[in-house]
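Accompanying notes for the structure given below.
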Amino acid sequence: MAKNKVAQLENMNLLTKRIDLDAIAHNTRLLKNLAGPAKLMAVVKANAYNHGVERVAPVIAQNGADAFGVATLAEALQLREIGIKQEVLCWIWSPEQDYTAAIAQNIDLAVVSPQHAQALINTDAKHIRVSVKIDTGLHRSGVDEQDWHEVFSQLHAAPHIEVTGLFTHLSCADEPENPETDAQNDAFRRALAVAHSVGLEVPVNHMCNSPAALTRPDLHFQMIRPGLALYGLEPIEGLDHGLRPAMSWVGQVTVVKPIEAGQGTSYGLTWRAEDSGFVAVVPAGYADGMPRSAQEKFAVTINGVDYPQVGRVCMDQFVVYLGENPQGVQAGDSAVIFGAAGQSATELADNIGTINYEVVCRPTGRTVATYVSEGEIDEA
Ligand SMILES: Cc1ncc(COP(=O)(O)O)c(C=O)c1O
């Protein structure tokens, strides 16, 4: 790793999210292995969980993904624009939208309600690939049990529609003891039986998000559909599958200054120093994704030492307390908010009352993305 190059580039940016593309490659290969005979659909919605889909999706494609899953039509089309040739499944679209470009780009559309099925049946496209999303208990989107027979029959009768399979989304897979996962599996199998009974082949079916992909090989069916694990985070705390976290969020200390005992810092002076010491300013505020509500719930790591955040989180910056500053922290030092050489995204999530999924989506605003691979680093 060319550490000096990393430091040089990051010195030009005050706030960086550093993405380790080798970690993404490692995690993809690990999941592909774990899938065994099943295929791997990589979930890259929300800009690849904020890791930067343009850089991350090609790495995932090169390391064994058979298919990609996204939320929106725009995300699906973006994958085609950047040259992704694999199957792409899009599961959040509205029959009121113009989805003709997606069909033209051979995007698989999820049928998540009878209305979605009708819209596609009435479309004068030559060939549409669909995957039917089954509601097996999440009660969010998906075709309900009472509609399975009719929807499957109608899709089967439409000559321009190819039903590639059924899929469903689990509600409680991150709680391995929760019986709901088995109940959803039972419902999914009932849906498959109905599909077969009307003559649908449904060759590729899937339900496993990261927690189920990692802990329930019996539910892999013909494809697994993980997101979080690709980015190196464990969806169930305490488990260790050898994943490598890909994202680090790092601010460059802009100011170190003394503070007297009794003096406060940041708006409202809500925190006051008990003893004389030093504070340091980190240029990450709520406009950059650091929640104001995280005040005094987390620490940053500077040269291997943790320092507590103090006072209000502002729009552009927050303050940490250095005590007497025995390590000699100075302006220009890297303050790791989470990631390599600091606390993990999961630890930060625990501290500020959220989940690691949300923590990796946080770095926004003035954060600049940098990508590291085999010792080389470049900007987005
Ligand atoms: C429909 C669907 N499938 C799969 C995933 C991937 O889930 P995870 O990130 O837990 O692997 C998501 C993410 O929320 C999703 O919405």
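Counted from 1, the sequence shown has number 278 at position 227 by my numbering; the numbering is strictly sequential.
All C-beta atoms in this analysis are idealised placements derived from N, C-alpha and C, irrespective of residue type, glycine included.
Per DSSP, the beta-bridge partners of R323 are G315.
Excluding its 5 nearest sequence neighbours in each direction, N78 has C-beta neighbours in its own chain below 8 angstroms: A280, L281, Y282, G283, L294, R295, A297, listed in chain order.
In this structure, H200 is the residue among H200, A89, D117 with its C-alpha nearest to the C-alpha of S164. Residue environment for N260: buried (at least 16 other C-beta atoms within 10 angstroms of its C-beta). If you look at A244, you'll find it in the alpha helix (DSSP H) that goes 231–248. In this structure, the CA atom of F218 is about 31 angstroms from the CA atom of P414. Within the chosen limit of 7 angstroms, ligand 1 does not reach the beta carbon of P296 with any heavy atom. Distance from the Cα of V306 is smallest, within the candidate group M366, G404, V370, F349, for V370.
Between the C-alpha atoms of L320 and G313 there is a straight-line separation of about 10 angstroms. By the CB criterion at 8 angstroms, F203 and V255 fall outside the cutoff.
Between V104 and Q129, the gap from beta carbon to beta carbon is short of 8 angstroms. Counting only runs that start and end inside the region 72–152, the alpha helix (DSSP H) elements of at least 4 residues fall at 72–86, 96–101, 104–113, 124–132. Cα atoms of Q166 and W322: separation of roughly 55 angstroms, rounded to the nearest angstrom. At a Cβ-Cβ threshold of 8 angstroms, L243 and M258 do not count as neighbours. Closest option to V249, judged by alpha-carbon separation, among G278, S222, Q205: Q205. The C-alpha of N236 lies about 31 angstroms from the C-alpha of Q113.
The continuous beta strand (DSSP E) containing S299 extends over residues 298–303.
Annotation for C412: the continuous alpha helix (DSSP H) segment containing it runs 407–412. Of H102, E375, A391, the smallest CA-CA separation from V330 is found for E375.
Taking 3 residues as the shortest admissible run, the region 196–228 contains the following complete beta strand (DSSP E) segments, listed from N- to C-terminal end: 212–218. No Cβ-Cβ contact shorter than 8 angstroms links M63 with M274. When the five nearest sequence neighbours on each side are left out, the beta carbons in the same chain lying within less than 6 angstroms of the beta carbon of D195 are those of D186, in order along the chain. Shortest gap from the CB of L279 to any heavy atom of ligand 1: under 7 angstroms. DSSP, read as helix, strand or coil, puts Q169 in helix.
For the 8 angstroms CB-CB criterion, P334 and L65 form a contact. Taking C-beta separations shorter than 7 angstroms and ignoring five residues to either side along the sequence, the partners of N402 in its chain run K348, F349, following chain order.
Per the C-alpha coordinates, the member of T405, E132, I287, P377 positioned closest to G328 is P377. Look at P286: its beta carbon is less than 7 angstroms from one of the heavy atoms in ligand 1. Here DSSP, grouped into helix, strand and coil, assigns S385 to strand.
Distances between the C-beta of G120 and the heavy atoms of ligand 1 include at least one below 7 angstroms.
Annotated three-state conformation of L189 is coil, per DSSP. Q360 is the residue among I353, G355, Q360, P277 whose C-alpha sits nearest the C-alpha of S317. When distances are taken from the beta-carbon of V94 to the heavy atoms of ligand 1, the shortest one is below 7 angstroms.
DSSP places S261 in the helix class (H, G or I) of the three-state scheme. Cβ atoms of V332 and I353 stay farther apart than 8 angstroms, at about 12 angstroms.
In terms of CA proximity to T215, E138 leads the group A263, E138, K83, P286.
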